[in-house]
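First the structure, in the form of structure tokens, and then the observations on it.
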Amino acid sequence: MELQEIEDNIRSRRNKIFLQMEEVRRLRIQQRIKSAELGIFKEEQESELPNFPSFIPFLPPLTSANLKVYYVTCYSLIAGIIIFGGLLAPTLELKLGLGGTSYADFIRSVHLPMQLSQVDPIVASFSGGAVGVISALMVVEINNVKQQEHKRCKYCLG
Numbered sequence: 001m002e003l004q005e006i007e008d009n010i011r012s013r014r015n016k017i018f019l020q021m022e023e024v025r026r027l028r029i030q031q032r033i034k035s036a037e038l039g040i041f042k043e044e045q046e047s048e049l050p051n052f053p054s055f056i057p058f059l060p061p062l063t064s065a066n067l068k069v070y071y072v073t074c075y076s077l078i079a080g081i082i083i084f085g086g087l088l089a090p091t092l093e094l095k096l097g098l099g100g101t102s103y104a105d106f107i108r109s110v111h112l113p114m115q116l117s118q119v120d121p122i123v124a125s126f127s128g129g130a131v132g133v134i135s136a137l138m139v140v141e142i143n144n145v146k147q148q149e150h151k152r153c154k155y156c157l158g
């Protein structure tokens, strides 16, 4: 195939794609008009964007429609981690004796000031790390949704 033939093929395929997208736009407009005539009002516009899997395990694919659910889920998860790391883990360790030698006993055994025993660095680092990871994943998810919304062309909306 010659270079000119390839360029002509590219041009003709672009024109075909343009014509098909224009037809999709016209059909969507007709669909809206017909549904308005029949009294069918759709609150939510249909999105034909593919569902992208979530980075956060056990959560459904993120779209602009379920963004609030993600916010609530992530804030709840972060609050749960903070409550566990700040209240539950120290209570289990000190009051019930779970977890072997308590951090206070360890501080006492190495003759350090007792103020250091008020925060368990292992629980604090795990809790802080988990909150940081969840926050970073949420930022990535939100950026992906915004990026996909910007990528939609005028033909996709009709």
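Residue 120 in the numbering used here is what sits at position 120 of the sequence shown, and the numbering runs on without skipping anything. All residues carry an ideal CB built from backbone N, CA and C; glycine is no exception.
DSSP places VAL119 outside both helix and strand once states are collapsed to three, so it counts as coil. Here VAL145 carries a helix assignment [DSSP, helix/strand/coil]. The straight-line gap separating the alpha-carbon atoms of ILE17 and ARG26 is approximately 14 Å. DSSP places ASN15 inside the alpha helix (DSSP H), whose first and last residues are 3 to 37.
When the Cα atoms are used, GLU22 and ARG32 turn out to be separated by approximately 16 Å. About 6 Å separates the beta carbon of GLU141 from that of SER54, a gap short enough to meet the 8 Å contact definition.
Where SER76 is concerned, the enclosing alpha helix (DSSP H) starts and stops at 67 to 83.
Taking a C-beta distance under 8 Å as the contact criterion, VAL131 and ILE56 do not qualify as a contact pair. Bounds of the alpha helix (DSSP H) holding SER109 are 103 to 109. Within the same chain, VAL131 and ILE134 come within 7 Å of ILE78 by CB-CB distance, once the 5 residues on both sides are set aside.
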